[in-house]
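In the order they appear, the protein sequences are chains A and B. Taken in order, the first sequence gives residues 0 to 372; the numbers are from numbering that gives the first Met the number 0. Taken in order, the second sequence gives residues 0 to 356; the numbers are from numbering that gives the first Met the number 0. Virtual Cβ for every residue (Gly too), placed ideally from N, Cα, C. Keep in mind it's a predicted model, so treat the numbers as computed, not measured. What follows is a short report on a single structure.
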Amino acid sequence: MAAAPANNNWLGDPKLRAIAWQALALVALGACAWFLVGTILENLAQRSVATGFGFLSRSASFAIGETVIPYSAADSYGKALLVGVLNTLKVTVIAITSATLLGILIGIARLSRNWLVAKLAAVYVESVRNVPLLLQLFLWYAMITESLPGPRQAFHPLPGVFLSNRGLMVPGLADHPVWLAVTAALILAIALGLWRGRRTAAILIPALPLGVWLGFGAPLAFSLPELQGFNFRGGITFSPELSSLLIGLAIYAASYIAEIVRGGILAVDRGQVEAGLSLGLSRSDVLRLIVLPQALRVIVPPLAGEYHKLTKNTSLAVAIGYPDVVSVLNTMVNQTGQAIEGMALIMMVFLAISTGISLFTNWYNRRVALVER
Amino acid sequence: MDLWGRRLQERLERTMRRLIPTAAFGLALTFALMAGPAEAGAVFNAVKARGFIQCGVNVGLAGFSAPNARGTWSGLDVDYCRAVAAAMFGDATKVKFVPLSAQQRFSALQSGEVDLLSRNTTWTLTRDTANGFHFAPITFFDGQAFMVAKKSGIKSAAELNGATICAQTGTTTELNLADYFRSHGLSYQPVIVEALAEMNAIFFAGRCDAVTSDASQLASIRAADASNPDDYIILPERISKEPFAPAVRHGDDQWFELVKWTIFATIDAEELGISSKTVTDFLKSSNPSIQRLLGEMPGFGAALGVDEKWAYAVIKQVGNYGEIFDRNVGAGSRLKLERGLNALWTAGGLQYSPPLR
Chain A
0 MAAAPANNNW LGDPKLRAIA WQALALVALG ACAWFLVGTI LENLAQRSVA
50 TGFGFLSRSA SFAIGETVIP YSAADSYGKA LLVGVLNTLK VTVIAITSAT
100 LLGILIGIAR LSRNWLVAKL AAVYVESVRN VPLLLQLFLW YAMITESLPG
150 PRQAFHPLPG VFLSNRGLMV PGLADHPVWL AVTAALILAI ALGLWRGRRT
200 AAILIPALPL GVWLGFGAPL AFSLPELQGF NFRGGITFSP ELSSLLIGLA
250 IYAASYIAEI VRGGILAVDR GQVEAGLSLG LSRSDVLRLI VLPQALRVIV
300 PPLAGEYHKL TKNTSLAVAI GYPDVVSVLN TMVNQTGQAI EGMALIMMVF
350 LAISTGISLF TNWYNRRVAL VER
Chain B
0 MDLWGRRLQE RLERTMRRLI PTAAFGLALT FALMAGPAEA GAVFNAVKAR
50 GFIQCGVNVG LAGFSAPNAR GTWSGLDVDY CRAVAAAMFG DATKVKFVPL
100 SAQQRFSALQ SGEVDLLSRN TTWTLTRDTA NGFHFAPITF FDGQAFMVAK
150 KSGIKSAAEL NGATICAQTG TTTELNLADY FRSHGLSYQP VIVEALAEMN
200 AIFFAGRCDA VTSDASQLAS IRAADASNPD DYIILPERIS KEPFAPAVRH
250 GDDQWFELVK WTIFATIDAE ELGISSKTVT DFLKSSNPSI QRLLGEMPGF
300 GAALGVDEKW AYAVIKQVGN YGEIFDRNVG AGSRLKLERG LNALWTAGGL
350 QYSPPLR
């Protein structure tokens, strides 16, 4: 009795036992991973396939159609990868923003008491959700390239705006110091607004940049697209590839977001609306002050999932020729033959973007969540 | 045994019962993963034991590798798969064709999914070394070119400054394109798509001013996809050397030698004037070169590890180089390509076989 197994009965202690099992499982998992990677490396070495990421510093020697930062074929594979990542981010950000706005609009429209509006929204959701995204992308791309005229016969609806099968060309900002100053003024105004509050912001954010621009003598430093040789030069170009990808992704994701928004609004108890109305609030005030804040708690978690899906769907760009990170890495893999490294890089890029979205949506979710005091 | 000891024993037994199936699965997985890489002679022996060749070909490129309406593959690359099967088994039908995209092809060969890659693949230093391949003799000398609409009035690649150019991803095309424009100080805008069909569609819709690929492929696209092939011209410049050759992976020299000499045998046969129709008559020839090729003078089949009649089977069932070229890409085909560099060395071309002796 006195020799109760106090020091050798750790197997009897559920807490210690749990830790022991978990440690064992971790070791087994680690051993499996080590074995897998080891076998792959050994096999690659035996087949004289080069491994490692050294190729990233070599010259890429291929051009990329659309770039956010200056890039030429003489730059390194690493820079080409960065260009691809930025192109993916560009599409992701624009598509998420427009899909969210469109989705909220359609979701609310589907709940409208106006029969036509509600039915049109329902038709939109059902038809868009039930066709594979890749087909929709092909459709938009074919519509743009097949139906629009060549650059010489481009539609010219407004001065400086051209629409052709080379894309939508709009005026852009020219390379002029005034724009740098205006941007600085805008950032300063936002900072001051954050510090002094909403009222200051409402005055400063438009006034300060405008004042700086006027101070420079209000220069019209714009760059207009002009037909030169084969194509337009100057201005901002939305290529057919980028446009069809953005339209396709936004319209597709919006149909899901609309349903999430509708579900979120319907999840708010009817009594809340009735209570608001009986207090004398207008319908729009009830929606804005009572329904939406409560609906957001239901909406945000599935919305985060929708953003993840959209991000990953940007990789379909490769089918319609938009140079996203997958397209760039495909070319890299083919030129260097290092498929495993290429795939690992694609996975890391998407993992990083998705994790970023998760962090943001989790933070926002905590903000809108019901705080119990 | 005290209470605690009994409980422990029961618990252990329960755990073991739960763990055994898991452990068995893990063990099976481990063995599956331990299947190691190929060893010398392994591919040759594996193919022989299997009874057919797994041959990686293009998913669809008229003249080189394309399935017809009945699902039979035809083309120059396809014929070389059949030729190797004829040399190995005496039967050109012992091939399983594995259609591969430009990106899939290398991993398919590296991983052993195919034994032979005969898929209009350019022989380069990187592919020879870093990718771990051996290239057999060149079966088609090609070069990258541009195709434009005739009505554009462009006559030379030098006039393409500022043009939008369509190309397919997953090839050396992009590299050659960038090199050409860089070395000539010209600018261009690439539109790179993944699928060949999509590239053709957007080029013919006018998305690009020019499309670039190997001249043979451009001829194939023009013949098969243009609404009126005469509306398009292939510019005269060849901006790269694209020698197409079948490839095998490192590690089995015997297999490599068989592929190599099968191709040489077709070139040798054309040089000696032996075709699929006349090969049987040549069996009685007194020319020692012909006797060696057709196995009448034994020893060469044994050296390769196959039947002495290996080359006879290749020529009889598939044909000599000239026949293969003509019916797939040459005068007897829709592509109507000239022999050009692919003529025999005796006719001013580059096709040349080392002596078969």
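ask   = For the putative contact between Leu207(A) and Ala188(A), defined by C-beta atoms under 8 Å, what is the C-beta separation to the nearest angstrom?
value = 4 Å
task = Reducing DSSP to helix, strand and coil, say where Trp114(A) ends up.
result = The DSSP-derived three-state label of Trp114(A) is helix.
message = 8 Å is my cut-off, CB to CB: does Thr360(A) come that close to chain B?
response = no
Alpha helix (DSSP H) segment containing Glu340(A), residue limits = In the DSSP assignment, Glu340(A) falls within the unbroken alpha helix (DSSP H) covering 338-367.
request  = Could you tell me which chain B residues have their CB closer than 9 Å to the CB of Ile352(A), listed as they occur along the chain?
outcome  = Here the premise fails: no neighbours, minimum Cβ distance about 21 Å.
inquiry  = For Val56(B), report the span of its beta strand (DSSP E) as first-last.
reply    = 52-57
inquiry  = Could you tell me which whole alpha helix (DSSP H) segments of length 4 or greater appear in the region 172-196 of chain B?
reply    = 172-182
request  = Could you say if the region 222-238 of chain B and the region 109-116 of chain B meet the contact criterion of at least three C-beta pairs nearer than 8 Å?
outcome  = no
task = Would you mind telling me which residues of chain A sit closer than 9 Å to Ser100(B), beta carbon to beta carbon, in chain order?
result = Neighbours of Ser100(B) on chain A: none; closest Cβ ~10 Å, over 9 Å.
query = Looking only at its own chain, which residues have a Cβ that is under 8 Å from the Cβ of Ile352(A), when we skip the five neighbours before and after it?
reply = Thr87, Leu88, Thr91, Thr310
query = What residues of chain A sit near Ala194(B), judged by a beta carbon separation below 9 Å?
reply = Ala318
request  = Find the residues of chain B that neighbour Val82(A), judging by a C-beta separation of less than 7 Å, and give them in chain order.
outcome  = Under the 7 Å cutoff, chain B gives no residues; its nearest Cβ is about 13 Å from Val82(A).
ask   = If you compare alpha carbons, which of Phe54(A), Ala19(A), Ile319(A), Asp12(A) is closest to Phe202(B)?
value = Closest option to Phe202(B), Cα to Cα, is Ile319(A).
key: Residue burial classification, Gln271(A) (beta-carbon count within 10 angstroms, cutoff 16)   = exposed
request  = Can you say whether Asn329(A) is buried or exposed, counting buried as having 16 or more other CB atoms within 10 angstroms of its CB?
outcome  = By the C-beta density criterion, Asn329(A) is buried, having at least 16 other C-beta atoms within 10 angstroms.
ask   = Ends of the alpha helix (DSSP H) at Glu269(B)?
value = 252-271
key: Residue from Ala144(B), Pro354(B), Ala156(B) with nearest C-alpha to Ile424(B)   = No answer is possible for residue 424(B): the residues shown for chain B start at 0 and end at 356.
Minimum length 3: unbroken beta strand (DSSP E) runs contained in the region 74-148 of chain B = 94-99, 132-134, 139-141, 143-148
message = By the 8 Å beta-carbon criterion, what residues does the region 298-314 of chain B contribute toward chain A?
response = Result list empty, no residue passes.
inquiry  = Considering just the uninterrupted stretch of the alpha helix (DSSP H) at Val36(A), what are its terminal residues?
reply    = 13-45
message = Taking beta-carbon pairs under 8 Å, can you tell me which members of the region 163-179 of chain A lie near chain B?
response = Asn164, Arg165
message = Counting only beta-carbon separations shorter than 8 Å, does Asp230(B) have a partner in chain A?
response = no
Chain-ordered chain A contacts of Leu174(B) [CB-CB under 8 Å] = Result: Ser60, Phe61, Gln334.
Chain B contact for Gly77(A) (CB, 8 Å cutoff) = No, no contact with chain B.
message = Is the beta carbon of Val42(B) closer than 8 Å to that of Phe386(B)?
response = In the structure displayed, chain B extends from 0 to 356; residue 386(B) sits before or after that span and is not available.
Reduced DSSP category for Asn230(A) - H, G, I as helix; E, B as strand; rest coil = strand
request  = Count the other CB atoms, across all protein chains shown, that sit within 10 Å of the CB of Ala27(B); report buried if there are 16 or more and exposed otherwise.
outcome  = Interpretation of Ala27(B) is limited by its pLDDT of 44, a score under 50 that renders its predicted location unreliable; the figure taken from the coordinates is listed afterwards. Ala27(B) is exposed by the Cβ-count criterion.
Cβ neighbour criterion (16 or more within 10 Å) applied to Pro449(A) = The shown model of chain A, from 0 to 372, leaves out residue 449(A), and the question about it has no answer.
query = Under 8 Å between the Cβ atoms of Ala316(A) and Val325(A)?
reply = yes
inquiry  = Quick check: what's the CA-CA separation for Tyr70(A) versus Leu334(B)?
reply    = 38 Å
key: Option in Met87(B), Phe51(B), Gly74(B) with minimal Cα separation from Ala302(B)   = The shortest C-alpha separation from Ala302(B) is found at Met87(B).
Any C-beta of chain A under 8 Å from that of Arg118(B) = no
inquiry  = Could you pull the DSSP bridge partners for Phe154(A) from this structure?
reply    = Leu162(A)
query = How long is the line joining the alpha carbons of Gly131(B) and Leu344(A), rounded to whole angstroms?
reply = Between Gly131(B) and Leu344(A), the C-alpha separation is close to 22 Å.
task = Tell me whether Gly339(B) sits in a helix, a strand or coil according to DSSP, three-state version.
result = helix
message = Just to confirm before moving on: does the CB-CB distance between Thr92(B) and Ala244(B) stay below 8 Å?
response = Result no, Cβ atoms of Thr92(B) and Ala244(B) do not sit closer than 8 Å.
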